[in-house]
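>
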Amino acid sequence: MHQKTSLFLFIFSLISITVAAQIVKPPKGRIAIVADGNSPDPDDLGGTAISIALLRSAGLEDRLVHYSHSCDLVRDDRISEKAEKERHHLMQVACDMTARRWGGFEQLTFYDALWQKEETINDLAWAINASTADDPLWIIEAGEPDIIGMALKITPKEKHQYVKVVTHHPANDNAGDYYTWQQILDFGVEEVRIPDQNINLKADIEQWDWAKNHQDPRIRLIWTIGNLAEIDNIVNFQKGKWDCSDAGMILYWITGANVNNGLKAGSVDVVKNMLSKYIDENP
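Residue 53 is where the sequence shown starts when you use the numbering used here, and the numbers rise one by one after that.
(1) Helix, strand or coil: how does DSSP classify E113 here?
(2) Kindly indicate which residue of M149, I251, R272 and D268 has the alpha-carbon position closest to the one of W260.
(3) Any idea if P188 is buried or exposed, counting beta-carbon neighbours within 10 angstroms, 16 or more meaning buried?
(4) Let me know if K134 comes out buried or exposed under the rule of 16 or more other beta-carbons within 10 Å of its beta-carbon.
(5) Output the boundary residues of the alpha helix (DSSP H) element that contains V241.
(6) Jot down the residue ranges of each uninterrupted alpha helix (DSSP H) in the stretch 171 to 237, minimum 4 residues, whole runs only, in chain order.
(7) Taking a contact to mean a Cβ-Cβ separation below 7 Å, would you say S103 touches D124 in this structure?
(8) If you draw a straight line from the C-alpha of D229 to the C-alpha of D332, how long is it?
(9) In angstroms with no decimal places, state the Cα-to-Cα distance between Q213 and N310.
(10) Between the stretch 186 to 200 and the stretch 150 to 161, do at least 3 Cβ pairs fall closer than 8 Å?
(11) Mark A185 as exposed unless 16 or more other C-beta atoms lie within 10 angstroms of its C-beta, in which case mark it buried.
(12) As an exercise, report each continuous alpha helix (DSSP H) stretch of at least 4 residues that is fully enclosed by the stretch 243 to 272, in chain order.
(13) Between H121 and M143, how many whole angstroms is the CB-CB distance? I'm expecting something under 8 Å.
(14) Going by CA-CA distance only, name the one from I257, I274, D129 and T172 that's closest to R153.
(15) Under 8 Å Cβ to Cβ from L166, same chain only, skipping five residues before and after it: list those, please.
(16) Could you tell me the alpha carbon to alpha carbon distance between T70 and Y330, rounded to whole angstroms?
(17) Check the Cβ-Cβ distances between I331 and every residue of chain D, and say whether any is below 7 Å.
(18) Ordered along the chain, which non-local residues of its own chain (more than five positions away) have a Cβ less than 7 Å from that of D248?
(19) Going along the chain, which residues of its own chain have a beta-carbon closer than 6 Å to the beta-carbon of V241, five neighbours each way excluded?
This is the structure in structure tokens:
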């Protein structure tokens, strides 16, 4: 009986390794992420932590060439100036602390899009300028489109054909204060649209108990950052939820995007398996 159990575990381990290897098949090119988090919805805290950890766990951290947060450039009346300032700091911690603990992002500066607006636009513009047919730029729209539009405006038109903007929710597309979604598309970029990732990745908080109780502090750190959204008192629609919905776009890109039939319906289990495998192999 013991031998059968050991054989089963060995075979299951081989299958898990094979499945994990098959799921990481990103398209060619680099990736840029533009998130908000300073807006009333704090879901970008969990989304940021999971996105960074997923890229590291997939061995794709060197493909991330831009990350900015707090891209909501005009404060919403639903959030006070004091709470808005707090969110900026929390988003910076989500970026810097996750990147430091998971490692591999030493070459990257995580920008505050509002407080470092010029630097953010220039950094994203640099990534756009470096784009070619063999090395396109995939921009993850995890917040309002304005920073993306401002970077596109100062870059050569001929580079825009090599830029792809990934989106999953019209709430982001239509929230710009300076650019409409159509104006973004009018630059000549490719729209890559996937279904609403809130369906599976805005989950009941109990589904994340595996992370809350994990023995590795890197996993517990991610849970702690995402849990800040649930205990936030600015909005009520995150109560009882652990939300990393924007990270679904990262999963889609990691697993192939629209080139290699990427995963359009990310789930907590997929995130768990990818992160847990990395932790097991990198104690």
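From the three backbone atoms N, C-alpha and C, an ideal C-beta is built for every residue, glycine too.
According to the structure shown:
(1) Your numbering for residue 113 matches position 61 in the sequence shown. Helix.
(2) Translated into positions along the sequence shown, residue 260 becomes position 208. Checked all of M149, I251, R272 and D268; the closest Cα to W260 is R272.
(3) As a position in the sequence shown, residue 188 is number 136, starting the count at 1. Counting Cβ neighbours within 10 Å, P188 comes out buried, since at least 16 surround it.
(4) Numbered from its first residue, the sequence shown carries residue 134 at position 82. K134 comes out exposed.
(5) Here residue 241 refers to the residue found at position 189 of the sequence shown. From DSSP, V241 is part of no alpha helix (DSSP H); its letter is neither H nor E.
(6) Within the stretch 171 to 237, the runs of alpha helix (DSSP H) at least 4 residues long that lie entirely inside it are, in chain order, 198 to 205 and 222 to 225.
(7) On the sequence shown, residue 103 is found 51 positions in, with the first residue counted as 1. On the sequence shown, residue 124 is found 72 positions in, with the first residue counted as 1. Their beta carbons are not under 7 Å apart, which means S103 does not touch D124 by this criterion.
(8) What you label residue 229 is simply residue 177 of the sequence shown in a count that begins at 1. What you label residue 332 is simply residue 280 of the sequence shown in a count that begins at 1. Looking at the backbone, the Cα of D229 and that of D332 are separated by about 44 Å.
(9) Position 161 of the sequence shown, counting from 1, holds the residue named residue 213. Position 258 of the sequence shown, counting from 1, holds the residue named residue 310. If I take the Cα positions, the gap works out to 16 Å.
(10) no
(11) As a working note, residue 185 is residue 133 in the sequence shown. A185 is exposed by the Cβ-count criterion.
(12) 250 to 253 and 261 to 264
(13) Taking the sequence shown and counting its residues from 1, the one referred to as residue 121 is at position 69. Taking the sequence shown and counting its residues from 1, the one referred to as residue 143 is at position 91. Right, the Cβ-Cβ distance comes to about 4 Å (below 8 Å), so this counts as a contact.
(14) Within the sequence shown, residue 153 is the residue found at index 101, counting from 1. Minimum Cα distance to R153 is reached at I274.
(15) Start at 1 with the first residue of the sequence shown, and residue 166 comes out as number 114. Excluding residues up to 5 positions away in sequence, N90, S122, C123, D124, L125 and H140 lie with their Cβ nearer than 8 Å to the Cβ of L166 in the same chain.
(16) By 1-based counting over the sequence shown, the position of residue 70 is 18. By 1-based counting over the sequence shown, the position of residue 330 is 278. In this predicted model, T70 has a pLDDT of only 38, less than 50, meaning its place in the structure is not dependable enough to derive any value.
(17) Among the chains of the structure shown, chain D does not appear; only one protein chain is present.
(18) In the sequence shown, counting from the first residue as 1, residue 248 sits at position 196. Answer for D248: H220 and H221, listed in chain order.
(19) To locate residue 241, count along the sequence shown from 1; it is residue 189. Contacts found: H212, V215 and V217.
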